[in-house]
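This report concerns only the one structure given below.
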Amino acid sequence: MTGALYRLSRELAEGKTTARELTERSLSRIAETEQTLNAFITVDCEGARRAAAESDARRAAGAPRSPFDGIPYAAKDNFETAGLRTTCASKLLEHHIPSRDAAAVETLRRAGFVLVGKTNMDEFAMGSVTAASAFGASHNPHDPARTCGGSSGGSAAAVAVGDVTAALGSDTGGSVRQPAAFCRTVGVKPTYGRLSRRGLTEFAPSLDTVGIVAETVTDAAVLTELLSDGAESCTDRLGAGVHGLRVGVIFDGGNTDAVNAMLENAARVLTDGGARVERVAFPFREEAAITYRILAYAEGVSTLSEYGKAASEDASAEARGAGFGYEVKRRLLFGALMASETEKRTFAAAQEVRGRIRAQYTTLFEGYDVLLRATAPFGAFRLDKRLTAREGCDMDFSTVCESLAGVPALSVPFGSDADGMPLGVQVAAPWMRDSVMFGVGNYLEERKPR
Numbered sequence: 152m153t154g155a156l157y158r159l160s161r162e163l164a165e166g167k168t169t170a171r172e173l174t175e176r177s178l179s180r181i182a183e184t185e186q187t188l189n190a191f192i193t194v195d196c197e198g199a200r201r202a203a204a205e206s207d208a209r210r211a212a213g214a215p216r217s218p219f220d221g222i223p224y225a226a227k228d229n230f231e232t233a234g235l236r237t238t239c240a241s242k243l244l245e246h247h248i249p250s251r252d253a254a255a256v257e258t259l260r261r262a263g264f265v266l267v268g269k270t271n272m273d274e275f276a277m278g279s280v281t282a283a284s285a286f287g288a289s290h291n292p293h294d295p296a297r298t299c300g301g302s303s304g305g306s307a308a309a310v311a312v313g314d315v316t317a318a319l320g321s322d323t324g325g326s327v328r329q330p331a332a333f334c335r336t337v338g339v340k341p342t343y344g345r346l347s348r349r350g351l352t353e354f355a356p357s358l359d360t361v362g363i364v365a366e367t368v369t370d371a372a373v374l375t376e377l378l379s380d381g382a383e384s385c386t387d388r389l390g391a392g393v394h395g396l397r398v399g400v401i402f403d404g405g406n407t408d409a410v411n412a413m414l415e416n417a418a419r420v421l422t423d424g425g426a427r428v429e430r431v432a433f434p435f436r437e438e439a440a441i442t443y444r445i446l447a448y449a450e451g452v453s454t455l456s457e458y459g460k461a462a463s464e465d466a467s468a469e470a471r472g473a474g475f476g477y478e479v480k481r482r483l484l485f486g487a488l489m490a491s492e493t494e495k496r497t498f499a500a501a502q503e504v505r506g507r508i509r510a511q512y513t514t515l516f517e518g519y520d521v522l523l524r525a526t527a528p529f530g531a532f533r534l535d536k537r538l539t540a541r542e543g544c545d546m547d548f549s550t551v552c553e554s555l556a557g558v559p560a561l562s563v564p565f566g567s568d569a570d571g572m573p574l575g576v577q578v579a580a581p582w583m584r585d586s587v588m589f590g591v592g593n594y595l596e597e598r599k600p601r
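Everything in the sequence shown is counted per my numbering, starting at 152 for the first residue and increasing by one.
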């Protein structure tokens with residue numbers, strides 16, 4: 152198999168490199184890029200070097216924990232890390248040091264991966280530009296004046312510039328996939344519930360998903376399989392081709408001409424490979440974004456109020472208000488309204504629309520093995536640009552439907568817009584058919600425009 156993880160594991164096994172060398176290379180690269188990108192909140196040089204030394208000792212004794220023992224990675228700063236601060240990009244948690252690892256971090260530690268640091272994000276994962284951070288905005292590696300996307304923007308930027316091969320992220324409504332598309336990396340939201348969320352700071356529990364940003368589709372598939380304890384293969388379709396697969400392509404109404412051209416090119420690549428490709432309609436353009444916001448923000452009111460009490464000695468509403476940033480306050484105010492007694496009918500209506508969106512996917516997947524659409528309707532925009540309400544809804548529509556339905560979705564880099572900014576094509580598959588999604592993504596990746 153190809154992929155950076157397999158390449159590095161071979162080099163480690165053959166003695167061509169060491170965990171120490173890989174870790175020093177990663178830390179050096181972070182030092183070079185951090186002033187421009189601000190991709191990290193915390194860089195753990197001491198802990199990473201200690202873990203690398205332990206990895207090299209295990210390998211020298213002939214007892215590596217896994218083929219990937221010694222490979223550096225990063226984690227979004229909403230994953231708990233024992234002994235290393237976890238801020239969720241909030242002043243409220245600036246000095247919060249967990250006593251245990253999140254499940255995903257624990258699994259990677261058991262496999263010998265070396266954690267080099269915690270990446271920047273929108274505060275409490277509430278945002279889509281990684282500018283709503285108490286530690287400053289992150290920047291796009293391809294143009295620092297533009298957004299890297301969010302809320303897992305730090306993870307996407309770090310992978311894009313080679314700080315690390317892969318990074319953990321979280322995806323509630325597109326927070327891994329959209330920044331991956333903006334930064335020209337691979338981003339995956341596995342099937343909802345496939346990966347343990349223990350130790351991931353909750354935003355909206357019915358939507359939150361552990362996600363992965365990686366250099367290649369193979370790397371993303373390998374890590375998804377590892378983090379799901381290998382319960383079902385995520386890699387068995389890699390390299391299998393697409394002949395005979397049924398593919399539905401969704402052209403969203405808000406797409407720019409460049410994005411539609413990219414999507415047509417991806418459809419043509421699959422057709423040339425023997426897939427049966429057809430255009431399909433997907434409704435809910437007007438309802439999806441508001442449905443997502445009603446449900447997610449209402450859940451956020453509950454989860455963040457409880458987290459604030461646990462994390463702050465002064466649990467008063469006034470103290471939490473002083474600690475939360477503007478974007479979190481804005482969303483929580485909206486969520487509190489939607490969860491109120493007077494708006495129960497609105498909340499119930501949103502739940503009903505969510506059910507209809509799930510049913511739409513069930514119907515479509517009776518006729519198609521995967522669905523293709525753009526990860527975002529446009530490329531990365533300037534950090535100082537304020538999206539119109541229409542643009543914001545269209546950006547949400549590209550990713551929130553897969554989240555509302557709980558199906559797996561993968562963003563793969565595929566071409567550029569007129570400004571040379573990266574574009575991503577999104578592959579969605581039926582529930583627990585992540586391997587089919589990875590197979591199609593791998594096929595597109597190997598034939599992407601150069």
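Heads up, the beta-carbon is just placed ideally off N, CA and C, and yes, glycines get one too.
Tell me whether residue i is buried or exposed, calling it buried when 16 or more other Cβ atoms sit within 10 Å of its Cβ.
| i | result |
| --- | --- |
| ASP273 | buried |
| ASP314 | buried |
| ALA418 | buried |
| GLU429 | exposed |
| LYS495 | exposed |
| GLU597 | exposed |
| ALA297 | The displayed chain sequence assigns Arg, not Ala, to residue 297. It counts as buried. |
| ILE401 | buried |
| SER179 | exposed |
| THR514 | exposed |
| HIS246 | exposed |
| GLY350 | buried |
| PRO341 | buried |
| GLN186 | exposed |
| ASP220 | buried |
| PRO215 | buried |
| ALA527 | buried |
| ALA372 | buried |
Would DSSP call residue i helix, strand or coil?
| i | result |
| --- | --- |
| ALA462 | Residue confidence is low: ALA462 scores 41 on pLDDT, short of 50, so the model does not pin down where it sits. Its coordinate-derived value is still stated next. Three-state result, ALA462: helix. |
| GLU429 | strand |
| ARG524 | strand |
| THR513 | helix |
| VAL310 | helix |
| ALA203 | helix |
| GLY445 | The sequence given here has Ile at residue 445, not Gly. Helix, per DSSP. |
| PHE565 | strand |
| ASN411 | helix |
| ASN416 | helix |
| ASP195 | coil |
| ARG388 | coil |
| GLY451 | helix |
| ALA382 | coil |
| ILE181 | helix |
| ILE363 | strand |
| GLU469 | In this predicted model, GLU469 has a pLDDT of only 44, less than 50, meaning its place in the structure is not dependable; the value taken from the coordinates is given anyway. Helix, per DSSP. |
| VAL315 | coil |
| THR270 | strand |
In the DSSP assignment, what are the bridge partners of residue i?
| i | result |
| --- | --- |
| SER586 | Answer is none; SER586 lacks a bridge partner. |
| LEU235 | THR232 |
| TYR477 | Paired residues: none, contrary to the question. |
| PRO223 | VAL265 |
| ASN291 | ASP294 |
| ARG533 | ARG297 |
| ARG349 | Note: ARG349 sits in no beta bridge, so no partner. |
| SER250 | SER250 is not bridged to any residue. |
Whole angstroms are fine: how far does the CA of residue j sit from the CA of residue i?
| i | j | result |
| --- | --- | --- |
| HIS293 | THR407 | 20 Å |
| LEU266 | GLU172 | 14 Å |
| LEU389 | THR184 | 32 Å |
| SER250 | PRO559 | 31 Å |
| GLY592 | SER491 | 42 Å |
| ALA182 | GLU503 | 49 Å |
| GLY325 | ALA212 | 43 Å |
| SER177 | LEU534 | 27 Å |
| PHE475 | ASP423 | 51 Å |
| ARG328 | VAL337 | 8 Å |
| LYS480 | GLY392 | 47 Å |
Report, in whole angstroms, the separation of the C-beta atoms of residue i and residue j, which I expect to be a contact under 8 Å.
| i | j | result |
| --- | --- | --- |
| THR386 | GLU376 | 6 Å |
| LEU455 | ALA355 | Actually they are not in contact, since the Cβ atoms of LEU455 and ALA355 sit about 10 Å apart, beyond 8 Å. |
| PHE433 | GLN511 | 7 Å |
| SER549 | ALA525 | 6 Å |
| ASP585 | ARG397 | The Cβ separation is near 17 Å, so there is no contact. |
| SER206 | ALA276 | Actually they are not in contact, since the Cβ atoms of SER206 and ALA276 sit about 30 Å apart, beyond 8 Å. |
| GLY451 | LEU483 | 6 Å |
| GLY575 | PRO564 | 6 Å |
| GLY362 | SER303 | 7 Å |
Closest Cβ-Cβ distance between residue i and chain D: below 8 Å?
| i | result |
| --- | --- |
| GLY518 | Judged by its chain identifiers, the structure shown contains no chain D, having just a single protein chain. |
Looking at residue i and the ligand ADP, is the gap between the Cβ and the nearest heavy atom below 7 Å?
| i | result |
| --- | --- |
| GLY390 | Ligands in the displayed structure: none, and consequently the ligand ADP is not present. |
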